[in-house]
Structure formats: C-alpha cells, structure tokens
Amino acid sequence: MDSYIFSSPRTGYLPLATNLWTESFKMFELHTIMRQAENKSFAELLNRVREGKQTTEDIDVLKGQGIAVDSEDYPWDAPHLFTTNERVDSYNCTIIHINRSPNPVYSIKAIRISLLGLHHLRSMKTKILETFKNSKNQTKQLSTILEVSVGVHYEITVNLDTPDGLINGASCKMVKVELTDAPFFASGKLWVQFNDPEIGKQLRKDSRRFYKSCHKKEWTPLEPIGKTFCAGTKGQAQIQRYQFPLRAAHAKTIHRCSGDTMQRAVVDLTTQRKVDHIHYVAISRVQTLNGLHITNLQEDKIGIDKSVRKEMERLRENPVQPSLQFLYKIEQSDMKLCFLNASSMSRHIDDIRSDNSVLATNIACFSETRFHKKDSFNETSLPGFQQYRQDENSSDVTNNTNRLPFQNNKQKENSSGKATRPVHGLHVAVYSKEDFVKEYPLKKTYKTIEVAVVKTELLPNVVILVVYKPPKTDVKDLCHVLLSLHHQYVKIQRQLFLGISMLTGKNNLPKKKNREIKWLVD
C-alpha cells in the first residue's frame with residue numbers, strides 16, 4: 001500500500017536515514033478557495049469536512065442534497081462519481097444501452113495477434129491467446145470489448161500525443177462510428193468531439209484527407225492503436241492487441257476525478273469500509289451546492305487520517321515566511337506605492353484588478369502597459385483609482401516636457417476598431433487613489449527613456465518619478481537621465497521616490513564602468 005509523502009520509510013536501511021520531508025519542506029497555505037469562490041458558504045462547509053470538523057448543520061445541508069435514483073427529475077446525464085470500478089462500469093453500461101434508439105451500440109472487439117513463428121502449431125497459438133489475461137490492468141487500458149454509441153461521453157485511456165493534448169483522461173463525446181471490418185473488430189475510425197477544442201488540433205490538421213461532407217471540422221478521428229504484451233504461463237511468448245484507446249466516462253471513480261471541476265455531479269459514497277478523505281474529494285468537485293446530488297452520504301464513514309491531521313498541524317506551526325511583506329497587511333504607513341512591469345497590461349488587466357497588493361496601494365505605477373490611444377479609459381480602469389496614461393502619439397519628444405490628461409473611473413470613452421499595440425516606449429501608466437497636485441502628472445521623455453513625474457495632495461512635498469528604459473537603450477543614457485533627475489528634484493524637493501523599469505541584456509552593459517554607471521550600481 002502506498003504511504004503518505006511525509007511518512008518515514010520503513011524498509012531496508014531507510015529508517016536510519018533523515019526524513020528529508022520534515023527537514024527540508026515548509027508550507028505556505030492559501031486560504032481562498034477558487035473552485036467554490038462564488039459560493040462562500042459551501043466553500044466553508046467543504047473546509048470543515050476536509051479537516052473532519054463538520055457540524056450537525058453541515059451534515060443536514062449535505063443530506064438536503066440527497067436524491068433517489070427512481071425520482072422523476074434524476075439527472076441521468078450528469079457526471080456520476082462512485083467509490084469502486086465495478087459500480088462505474090455498471091453505470092456506464094447502463095447509459096450506453098438505455099434508450100439508444102436510433103443510435104445503435106457497437107461492441108468493438110480487440111484484435112489479438114500472436115507473434116509466434118510459423119513453425120509453431122496453431123493449437124499452441126490459440127492456447128497462448130486464451131491464457132492471456134483480459135483485465136484492464138494487464139492490457140494497458142485497451143479493452144477486450146469496447147462498447148460505443150453516438151452521444152455517449154468517453155475519455156482517452158493512454159497518452160497519444162502530449163503536446164496536442166491527447167493524453168490519458170482527455171474527455172470527448174462520440175459523434176460518428178465508421179468501422180470497416182465485420183463483425184465489429186477494431187478497425188476504421190471513431191469520430192469524437194473533445195470538450196476542449198484545443199485538444200487534437202494538430203491531429204485534425206494532419207487528418208484533413210479523411211474529412212468528407214458528413215464530417216464537421218471540430219470532429220477528431222481516432223484509430224486503433226497497438227500494444228505488445230508478454231503472454232503464456234511464463235511470459236515466454238508475445239502477442240499484440242489492437243483497440244481504440246477509449247473508455248466510457250459518464251461515470252468515474254472518485255479517485256480518478258480528484259483534479260476535476262464540475263458544474264454538477266451525482267455522488268454515490270456507498271462503501272463497505274471507511275475511506276479517509278473520500279467524502280471531501282467527492283463533494284468538492286462541484287462549484288456550487290445546487291450542482292451537488294448525493295445518492296448515499298454515509299456520514300458515519302466520513303474520516304480523516306490522524307497522521308495527516310498531525311502533519312498539517314506541524315506545518316502550520318512553522319510556515320514559510322514571505323521574503324516581502326504584502327502591502328495589504330501593512331497598516332501603518334503615510335503612503336503605499338507599487339511599481340510593476342506589466343508586460344502588456346491589457347492582457348493582465350483582470351489579474352491586476354483582483355490583486356490585493358495593488359488594490360491596497362495609494363499609487364500604483366506600471367510600465368510596459370502597451371496601451372493604445374484607442375483603448376478607452378473605462379477598459380483600462382482599476383476600481384477606486386484615477387488613471388494617468390502615457391500612450392498618446394508623440395514625435396520629436398527629446399527633452400520635451402508636457403502634461404497629458406488623466407481621467408477617473410466615472411469617465412468613459414468609446415473606442416472602435418483594432419489597433420496594433422506598441423512594443424516598447426510611451427507606455428507608462430500611473431493609478432492613484434489620491435488627487436494629483438495641479439499641473440501633475442508630468443510627462444518627460446529623454447530620447448527613448450520615458451519618465452512620469454507625479455505629485456499628490458496627500459504628500460505634496462514628495463516627488464514620485466516613474467522611469468522606463470526600453471531594452472535596447474544604452475545604460476549610459478539611463479545614467480545621464482537619472483543624474484539629471486537627481487539634480488533637478490532632489491536638490492529642490494529633498495524628498496524623492498524613484499521607480500525604474502529597466503530591461504537590460506548583458507550586451508547593453510559596457511565592459512568598463514564609467515563614473516555614471518558606478519554611481520547607478522552603488
């Protein structure tokens with residue numbers, strides 16, 4: 001039986017060795033549940049079940065999701081989760097054969113070929129084939145008889161093409177059956193449509209010659225594959241098996257779907273013995289409580305492994321400490337600022353809008369926004385912030401200083417058409433919860449280096465400089481700009497916050513450091 005990763009080894013001389021898990025690993029625990037993010041009360045219930053701290057009210061809630069198999073509104077088409085393979089196979093067989101008219105059920109037999117030489121007797125080959133075990137574990141998930149019917153859900157059983165997404169567990173739906181050999185041996189093609197349209201894209205491209213007017217472009221053709229196995233009483237012979245690498249997937253075992261996310265599911269927790277953690281794994285697959293249906297809860301068999309509980313307590317006592325303190329956890333401060341290279345802010349705007357550290361700042365500065373003048377301020381807004389963008393067209397801006405307008409989130413602009421986004425330059429943005437000082441922010445550009453000068457009413461004597469240097473700009477130019485800014489603002493204002501976005505390859509650094517570069521590094 002497999003043991004937990006944190007368990008000390010018990011075989012050979014390994015018990016004398018150091019437990020590397022205990023010595024080397026710490027935990028940083030995430031507290032936001034993403035799968036049930038829209039159903040907070042359900043997420044909190046699941047957390048209690050996960051740690052074995054479920055209440056009587058929790059059990060009553062779960063019992064309220066019970067459903068009888070003979071009820072009129074029983075969701076037969078919903079994914080079903082069972083504790084055993086036998087119950088999974090039984091349900092899948094029921095789904096395949098129930099009300100299949102006008103779609104027939106095809107029983108596709110695997111083709112088995114003995115690799116014995118011609119000098120061996122036919123009776124010996126037959127005997128070897130008969131002694132070969134037909135269990136799924138012994139046949140590398142190539143079924144002896146595969147039942148297929150149009151409209152039934154299946155999944156791939158082997159890794160066919162990992163880069164193309166054709167991997168074990170990829171879900172699909174049968175849309176057309178085209179067999180060439182009777183009586184229904186593994187031959188021809190099975191046409192399936194994957195739940196994820198990105199899966200099988202390359203295979204569809206390579207199989208274009210097989211498509212006819214009756215085939216849709218999103219369908220994917222699958223052919224039988226061959227596997228070689230050892231056979232005979234001592235494995236002295238070999239046979240080859242050809243079969244379609246599919247299995248019915250209306251029902252799965254709870255362990256097999258441990259990483260799935262479902263909108264709804266029917267969970268059958270019938271088991272003869274207590275299985276630790278299986279209740280949590282099963283009921284936490286669905287996103288909402290309304291999508292959960294339970295046929296047999298067996299609440300008396302909800303179990304948590306004692307060693308897991310003990311290990312979690314140990315990990316929580318000494319968690320990983322962040323190298324930097326999160327801004328939203330800093331309470332005492334005059335002003336909170338952040339400066340990030342966004343690497344196309346339009347692409348990551350939704351992530352930024354949900355980043356607690358960014359939202360906790362007074363001022364958030366970004367470079368590499370790649371905003372275009374046709375992007376409306378409403379499209380690039382952050383909740384609660386005014387915004388200032390430097391993405392307007394400008395020419396001959398060397399040593400030019402001018403101020404661009406900023407807008408708050410209440411203002412909107414209409415944009416039409418698509419525009420090519422700039423790669424580098426003229427794309428600094430400043431977001432502020434505080435009012436800007438009159439005539440600020442200021443835009444300064446020095447050749448290709450971009451600077452935004454910011455002052456706010458909260459701390460009007462503090463100058464905030466946002467500096468962006470494109471990758472191909474020489475570091476020496478940056479040094480000259482910084483010296484100029486230092487002379488202009490530090491001597492006058494005496495207070496300065498400086499943020500620099502500098503993407504520099506090793507080819508941009510001069511071999512000999514001059515005085516300016518030494519000043520920058522120091």
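First residue of the sequence shown? That's 1 in UniProt numbering, and the numbers climb one at a time after it. Beta carbons are placed, not taken as given, at the ideal position from N, Cα and C, and that holds for glycine.
- Within the segment 132–187, the complete beta strand (DSSP E) segments at least 3 residues long are 145–148, 153–156 and 171–178, listed from N- to C-terminus.
- Going by DSSP, T295 is part of no alpha helix (DSSP H) but of the beta strand (DSSP E) stretching over L292 to N296.
- From the listed residues L297, K216 and R264, the smallest Cα separation to V275 is found for L297.
- In this structure, A43 is the residue among A43, S187 and L142 with its C-alpha nearest to the C-alpha of V61.
- With respect to the 8 Å criterion, F366 and L324 are not classified as neighbours on the basis of their beta carbons.
- Excluding residues up to 5 positions away in sequence, nothing lies with its Cβ nearer than 7 Å to the Cβ of K53 in the same chain.
- Apart from sequence neighbours up to five positions away, the residues of its chain that approach N362 with a beta-carbon distance below 8 Å are M335, K336, L337, S432, K433, E434, T456 and L458, ordered along the chain.
- For the options N168, N159 and S258, the alpha carbon positioned closest to that of R35 is the one of S258.
- Closest by C-alpha distance to Y440, out of C230, V463 and T11, is V463.
- DSSP places L327 outside any alpha helix (DSSP H), giving it a letter other than H or E.
- In this structure, DSSP gives H279 a helical state, which the three-state scheme calls helix.
- In this chain, the beta strand (DSSP E) harbouring E450 covers I449 to V454.
- Between the C-alpha atoms of I33 and G303 there is a straight-line separation of about 21 Å.
- In the DSSP assignment, N341 is bridged to S367.
- At the C-beta level, M174 and V158 stay beyond 8 Å of one another.
- Rounded to whole angstroms, the Cβ separation of I111 and G165 is 27 Å, and the two are not in contact under 8 Å.
- For Q321 and Y489, the gap between their C-alpha atoms comes out near 37 Å.
- Under DSSP, the beta-bridge partners assigned to A248 are Y154.
- Segment contact: the segment 252–267 against the segment 12–27, fewer than three CB-CB distances shorter than 8 Å; contact not assigned.
- Around the beta carbon of E368, a 10 Å sphere encloses 16 or more other beta carbons of the protein chains shown; the residue is thus reported as buried.
- DSSP links A265 through a beta bridge to L292.
- Using a Cβ distance threshold of 8 Å, Y328 and S357 count as a contacting pair.
- The C-beta distance from H80 to H250 rounds to 6 Å, short enough to fall under 8 Å.
- Closest in C-alpha terms to F229, from the list L142, D477, A170 and G291, comes L142.
- According to DSSP, A429 shares a beta bridge with F366 and R389.
- DSSP places R50 in the uninterrupted alpha helix (DSSP H) bounded by K40 to R50.
- When the Cα atoms are used, S3 and T55 turn out to be separated by approximately 29 Å.
- Around the CB of T380, 16 or more other CB atoms lie within 10 Å, so the residue is classed as buried.
- Here S107 has I145, L146, E147 and F184 as same chain residues with Cβ atoms under 8 Å from its own Cβ, once five neighbours each way along the sequence are excluded.
- When the alpha-carbon of E223 is set against those of Q243, Y211 and S213, the nearest one is in Q243.
- Residue burial annotation: H255 is exposed, with fewer than 16 other C-beta atoms found within 10 angstroms of its C-beta.
- Around the beta carbon of A282, 16 or more other beta carbons lie within 10 angstroms, which makes this residue buried.
- Bounds of the beta strand (DSSP E) holding L190 are K189 to F194.
- The alpha helix (DSSP H) runs lying completely inside the segment 55–100 and spanning 4 residues or more are 56–63 and 85–97, given in chain order.
- Residue environment for I96: buried (at least 16 other C-beta atoms within 10 angstroms of its C-beta).
- The Cβ atoms of A452 and F371 do not sit closer than 8 Å to each other.
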